[in-house]
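*Asks:*
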Amino acid sequence: MRAPTTRRGDAVTELPGGHRAPDPYRALEDAGDPETARWLAAQDAHYAAHRATWGDGLLARVAELTASPTADPPVWAGGHRFRAALRPGGEHPVLLVRPPGEPERVLLDPAASGPDTTLESWHPSPDGRSVAVLISEGGTEQGALRVLDLDGSVVDGPIGRSRGTQLAWLPGAFCYTPLSPRPDGRLAREVRLHRLGEPEERDVTVLAEDGCTSFALETDGHTLVVVASRGPSAPKDVWTGRVTEGGVTELRPVLRAAGSRVQARPTPDGVLVLTDDAAPRARIARLTPGGQLIDLVAEDDEAVLRSFLPLPAAEPGAEPELLVVRNRGLVTEVAAHRLADGRPTGLVALPGAGVVTSLTAHGATAFLGYTDPTTPHTTLRRAPGGTEAAEWSAEPPPPAVPRRAPAKAGAPPRSTGDARTATVPCRAPDGAEIPVLALWTGPRPTGPRPLLLQCYGGFGVVNGPTYSPEALAWVEAGGVHVRVGVRGGGERGARWHRAGNRATRARGAQDLIAAARALIDLGWTTPARLGLLGASHGGLVVAAALTAEPRLFGAAVCLAPLADMLRCERLGAGSLWRAEYGSAEDPEQAAWLVACSPYHAVRPGAGYPPVLLAVFDGDSRVHPAHAHKLCAALQHASHHGATFLRRESGVGHGRRSVGRAAGLAADQLAFFSTVLNGPNPPGPARSGTTPAAARERSGA
C-alpha cells in the first residue's frame, strides 16, 4: 500500500548570513489548513490499515504489566501522611491521606473529573490541613492550582494556570511559578506570592529575572531557597529569602552561575547546595553567609551525584545524616554520610540494579522512590543508620500483587521467566566508552535475536534501568532490550552532557550507531532484526541515527520526536531549550542545528527502514508538526510505504492512563514484532513478506 502524499511547497527557512534551508512541508505545521487536515486523515487510514495486520500477540501481557500498582514515597505534614498511588484496577494515581489515628482514604481521584484528567503535582501545607494540587486535562500537563481541605473541598483557586508550576508553602500563603508568554512570544516564568483566600489579581511578583524559564523552590519554614534557571542546560542562580507571616522578605541572589545542574535545600545549619560547577560529577557544599561554597561531599572519581536528603539525629547522641544518591553508569547507588563533616559511613543496599527517583523523610527515616526493569515504581524505607532500603507498604497493606524478582546485574536467572541484566562493552569511534545495559530472559544471547535499542541523550538526563512494560513483555517473549547512555545525557556527569549538546549534538547519534554495531559484532542481533526506540529528545537521536545509517537498522519508533531543528524555537516549548540546542537566529548555532536536524537529512533512495512516528494532540512540549514533517519527508523518500503516523487525542507528552499506556506499548511491540520478525509475531505478519525483507531484496 502506497503511503499518502501531500504537496511539496517551496517554503524555506531563512538563516543568518543569507543561508536558506528548504522546508517543503512547512504547511503541515498548520493543523487548520484543509490540505493538512486531508493529509492527516489519510495518514490515519494508512496506519489503521496496516495496524490491523500486525496482530496483538503481546497485548494481554503488556496490559497486565502496565496495570501493576505503583506508589510514590509518602510525605508527612502536621501528623498527616500524604502519598500518591496507582491502586489495583485504577487508571490514574490517586492522592491518599491518612490523618492521625484514622485509616487511609482517597483525598483526590482525578478520574472523577474525567477519564483524561491527571494529577500533575501536589503540595501539603505544613500543618497538613490542606493541600495544593495541580490537575490537567487532555494530556496538556497544564492546569491551575487549587487548594483542597481534607474532605476534598476546594477552598482556594483556581490560581495561575500553566505547566510545571513549583510551589513552596509559607505561613498563610505560598509562592508559585507560573509560565506565561512575554511580549516577544517567548515563554518565561516568575515567582509569585499568593495569600490564601485572596483573589489571584492581588498576587505579588516576588522574583522576575529576564529570560528565566524555571524556578525550583524549597523552604523549611524559616528560609526560602530559589534556584533560577534560563533553561535546562543553562547556568543556575541561587536566591535566598526570610520567611515571614504571609510572605517572604530579603530575597536576594547569593550565587550566580552556580553550575548547570544545581539543587539547594535549607537546613537548620544553613543551605546545602549540589552543584556541578568545578565538579563535572557534582559535589555538595555548604553555603556560607558570605556566599561562599565550602565542600561537604566531594566529587566522586566515577559516580555522578544526582540528589541528596539531610536527616536529623534519630535520638540524643546520634549523628545527623546525609543520604546521597549517585549514578554509576546507568544504575543508581545510595550512600550515607555524616551531615556534620560529609564523611561517608557506608552504602545503602537497594533491591536490585535500578533507579532511585525521589527522596522524602519522616523524622530520621528515609523513604525512596525506586524502580528497576522488573519492579514498577514503589517505595523503599531506610531506617535511621540502616544499611539497606527495603520495600515499604502503607498500613493496612494493599492487596498482594504477584511481582517478579528484581533484575540484578549479573545474577543468573531463576527460571526462563526471570530477567537478567548485563553491561555490554562499547566504544565510540573517538574512543569514548558508552554505557550500554542489556535486558533479556533465559540464557545469555549467543545468536541473533530481535533487539530493541533505546536511548535518550539530552539535557543531562540519565537513561537508567526503569520499569518498562513494553521492554519486559518483549524480553519475556524472547527478545532483547538494550538501553544506551549516549553523550548528551548525564550518565558520566556535566562533561558527558556537554560532549553531546549544542555544537557536539551529532555525537549522540554516533554513539547510538556505535552501540548498534557493537551488538551486531557480538552476534546478539543483525541489522534486519535491530529496532531503534526513542521518545522526545530520544526520538531526535533515533531519527538522526536513522537518517545517517539507514541500512544499519531494521525499524525505528519515534514517540513525540523533535525533527525540524531549524524551526524548533517556533514550535511547542522549543523556545525554552536554546541552552541545550542553540538558536537558529545565531549564525554559528544555526550551523549546529542544520547538522543535527533529521528532517533536513532525509534523502530519496537512501533505503530507510520502516518507521513508526507517534504524536499526541495534547502535547504542550514537542509540537506534533515535527513528526508530521519528518513523516512526509520519509514517505516521499521511500517506496515501501512503511512509514506510519500514529496520532492520539486526549493525551500529551507526560502521564497517561493505564489503558492508554498499554495501548501505546502494544502498538509499538506489534510494529516491531512484524517488521523485525520478532518474538511471538502475530499470525497475519508471517503469511507474507515483512517490510524489512522486502527492503533488503529490492534495495529500496
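For the sequence shown, position 685 matches number 669 in my numbering, and the numbering has no gaps at all.
Yeah, the Cβ is synthetic: ideal placement off N, Cα and C, and Gly gets one too.
The model shown is predicted, which means the values in this text are computed figures rather than measured ones.
1) In terms of residue numbering, what span does the beta strand (DSSP E) encompassing Ile268 cover?
2) Please report the residue range of the beta strand (DSSP E) in which Trp508 lies.
3) Let's test the definition: count the other Cβ atoms within 10 Å of the Cβ of Ser657 and tell me whether it reaches 16, buried, or not, exposed.
4) Any contact between the stretch 484 to 494 and the stretch 253 to 267? By contact I mean 3 or more CB pairs, one from each, below 8 Å.
5) Round the Cβ separation of Val288 and Arg22 to the nearest angstrom and send it over; I've been treating them as touching at under 8 Å.
6) Note down, in chain order, each residue of its chain lying with its Cβ closer than 6 Å to the Cβ of Thr341, except the 5 sequence neighbours on either side.
7) Under 8 Å between the Cβ atoms of Arg249 and Glu305?
8) Since Gly473 contacts His465 with CB under 8 Å, what's their CB separation in whole angstroms?
9) Cα separation between His346 and Trp60?
10) Under 8 Å, do Leu496 and Leu435 count as touching if we go by C-beta distance?
11) What would DSSP say about Phe537, mapped onto helix, strand or coil?
12) Report the partner residues of Gln126 according to the DSSP bridge assignment.
13) Flag this pair as touching only if the stretch 587 to 604 and the stretch 525 to 535 have three or more C-beta atom pairs under 8 Å; answer yes or no.
14) Here's the rule I'm using: 16 or more other beta-carbon atoms within 10 Å means buried, otherwise exposed. How should Leu331 be labelled?
15) Over what stretch of residues does the beta strand (DSSP E) that includes His346 continue unbroken?
16) Tell me the residue span of the beta strand (DSSP E) that contains Trp376.
17) Could you check the C-alpha separation between Ala29 and Phe655 for me, to the nearest Å?
18) For Lys220, write down the residues that DSSP places opposite it in a beta bridge.
19) What distance in whole Å lies between the Cβ atoms of Leu208 and Val227, which are believed to be in contact at a cut-off of 8 Å?
20) The alpha helix (DSSP H) that contains Trp424, what's its start and end?
21) Using the Cα positions of Ala138 and Val131, report the straight-line distance between them to the nearest angstrom.
22) So, with DSSP's three-state summary, where would you put Asp140?
23) Identify, in the order they occur along the chain, each residue of the same chain with its Cβ nearer than 7 Å to the Cβ of Ala33, setting aside the five sequence neighbours on each side.
24) Using a 10 Å radius around the Cβ and a threshold of 16 neighbouring Cβ atoms, would you call Arg479 buried or exposed?
25) Can you look up Asp279 in the DSSP assignment and give me helix, strand or coil?
26) Looking at Leu80 and Glu88, is the spacing between their C-beta atoms short of 8 Å?
27) Roughly how many angstroms lie between the CA atoms of Gly144 and Glu184, to the nearest whole one?
28) Report the option in Glu317, Gly39 and Thr(-10) whose CA atom is closest to the CA atom of Leu24.
29) Kindly indicate which three-state DSSP category Gly133 falls into: helix, strand or coil?
30) Which two residues bound the contiguous beta strand (DSSP E) that contains Ser105?
31) Are the stretch 507 to 514 and the stretch 423 to 441 in contact at 8 Å, needing three or more beta carbon pairs?
32) So who's on the other strand from His465, going by DSSP bridges?
33) Have a look at the DSSP bridge pairing and note the partners of Gln247.
34) Taking the CB atoms as reference points, tell me whether Leu660 and Gly515 lie closer together than 8 Å.
35) Pick helix, strand or coil for Cys196, following the three-state DSSP scheme.
36) Suppose you measure from the CA of Pro390 to the CA of Val90; what does that come to, to the nearest Å?
*Replies:* Per the coordinate set shown:
1) Counted from its first residue, the sequence shown places residue 268 at position 284. Taken as a continuous stretch (DSSP letters only), the beta strand (DSSP E) holding Ile268 covers Arg267 to Leu271.
2) Mapped onto the sequence shown, residue 508 falls at position 524. No beta strand (DSSP E) holds Trp508; DSSP gives it neither H nor E.
3) Taking the first residue of the sequence shown as 1, we reach residue 657 at position 673. Ser657 is buried by the Cβ-count criterion.
4) Because the criterion of three Cβ pairs below 8 Å is not met, the stretch 484 to 494 and the stretch 253 to 267 do not touch.
5) Position 304 of the sequence shown holds residue 288. Position 38 of the sequence shown holds residue 22. Contact between Val288 and Arg22 does not hold, since their C-beta atoms are separated by about 49 Å, which reaches or exceeds 8 Å.
6) Here residue 341 corresponds to residue number 357 of the sequence shown, with the count starting at 1. Closer than 6 Å at Cβ, skipping near neighbours: Gly353.
7) The count along the sequence shown starts at 1 and reaches residue 249 at position 265. The count along the sequence shown starts at 1 and reaches residue 305 at position 321. No.
8) The sequence position of residue 473 within the sequence shown is 489, counting from 1. The sequence position of residue 465 within the sequence shown is 481, counting from 1. Not a contact, Cβ separation roughly 18 Å.
9) Here residue 346 refers to the residue found at position 362 of the sequence shown. Here residue 60 refers to the residue found at position 76 of the sequence shown. If you draw a straight line from the Cα of His346 to the Cα of Trp60, it is about 6 Å long.
10) Residue mapping note: residue 496 aligns to position 512 of the sequence shown, counting from 1. Residue mapping note: residue 435 aligns to position 451 of the sequence shown, counting from 1. Not closer than 8 Å, so no.
11) Within the sequence shown, residue 537 is the residue found at index 553, counting from 1. Coil.
12) Residue numbering aside, residue 126 sits at position 142 when the sequence shown is read from its first letter. Answer by DSSP bridge pairing, in chain order: Arg147.
13) yes
14) Translated into positions along the sequence shown, residue 331 becomes position 347. It counts as exposed.
15) Along the sequence shown, read from residue 1 onward, the residue named residue 346 stands at position 362. His346 -> beta strand (DSSP E) spans Val339 to His346.
16) Within the sequence shown, residue 376 is the residue found at index 392, counting from 1. Unbroken run through Trp376: none, as it is neither H nor E.
17) Within the sequence shown, residue 29 is the residue found at index 45, counting from 1. Within the sequence shown, residue 655 is the residue found at index 671, counting from 1. Near 16 Å, if we compare the C-alpha coordinates of Phe655 and Ala29.
18) Within the sequence shown, residue 220 is the residue found at index 236, counting from 1. For Lys220, which the question treats as bridged, DSSP gives the partners Ser213.
19) One-based indexing of the sequence shown puts residue 227 at position 243. One-based indexing of the sequence shown puts residue 208 at position 224. Rounded, the Cβ-Cβ distance is 6 Å, consistent with contact.
20) Along the sequence shown, one-based indexing puts residue 424 at 440. Run containing Trp424: none in the alpha helix (DSSP H); it sits in the beta strand (DSSP E), Val420 to Thr425.
21) Stepping through the sequence shown from its first residue, residue 138 is reached at position 154. Stepping through the sequence shown from its first residue, residue 131 is reached at position 147. In the sequence on display, residue 138 carries Val and not Ala. If I take the Cα positions, the gap works out to 6 Å.
22) Taking the first residue of the sequence shown as position 1, residue 140 is located at position 156. DSSP places Asp140 in strand when its eight states are reduced to three.
23) Position 49 of the sequence shown, counted from the start, is the residue given in the question as residue 33. The answer, listed in chain order, is Met(-15).
24) Translated into the one-based positions of the sequence shown, residue 479 becomes position 495. Counting of Cβ neighbours within 10 angstroms places Arg479 among the exposed residues, the total staying below 16.
25) Reading the sequence shown from its first residue, position 295 is the one you call residue 279. Looking at Asp279 - three-state DSSP - the assignment turns out to be strand.
26) Counting from one through the sequence shown, the residue named residue 88 turns up at place 104. Counting from one through the sequence shown, the residue named residue 80 turns up at place 96. For Glu88 and Leu80, yes; Cβs fall inside 8 Å.
27) Here residue 144 corresponds to residue number 160 of the sequence shown, with the count starting at 1. Here residue 184 corresponds to residue number 200 of the sequence shown, with the count starting at 1. If I take the Cα positions, the gap works out to 8 Å.
28) Residue 24 sits at position 40 when you count from the first residue of the sequence shown. Per the Cα distances, Thr(-10).
29) One-based indexing of the sequence shown puts residue 133 at position 149. For the record, residue 133 in the displayed sequence is Asp; it is not Gly. DSSP places Asp133 in strand when its eight states are reduced to three.
30) Counting from one through the sequence shown, the residue named residue 105 turns up at place 121. Looking at the DSSP string, the run of the beta strand (DSSP E) that includes Ser105 is Thr101 to Pro108.
31) yes
32) As a working mapping, residue 465 is identified with position 481 in the sequence shown. Partner residues in the beta bridge of His465, as assigned by DSSP, are Leu423 and Leu436.
33) The residue labelled residue 247 in the question sits at position 263 within the sequence shown. Beta-bridge pairing links Gln247 to Leu258.
34) Residue 660 sits at position 676 when you count from the first residue of the sequence shown. Residue 515 sits at position 531 when you count from the first residue of the sequence shown. Cβ distance < 8 Å, so Leu660 and Gly515 count as in contact.
35) The residue labelled residue 196 in the question sits at position 212 within the sequence shown. Three-state DSSP puts Cys196 in coil, outside helix and strand.
36) The count along the sequence shown starts at 1 and reaches residue 390 at position 406. The count along the sequence shown starts at 1 and reaches residue 90 at position 106. Its pLDDT being 44, under 50, Pro390 is placed unreliably in this model, and the value from its coordinates should be taken loosely. Straight-line Cα distance between these residues: approximately 29 Å.
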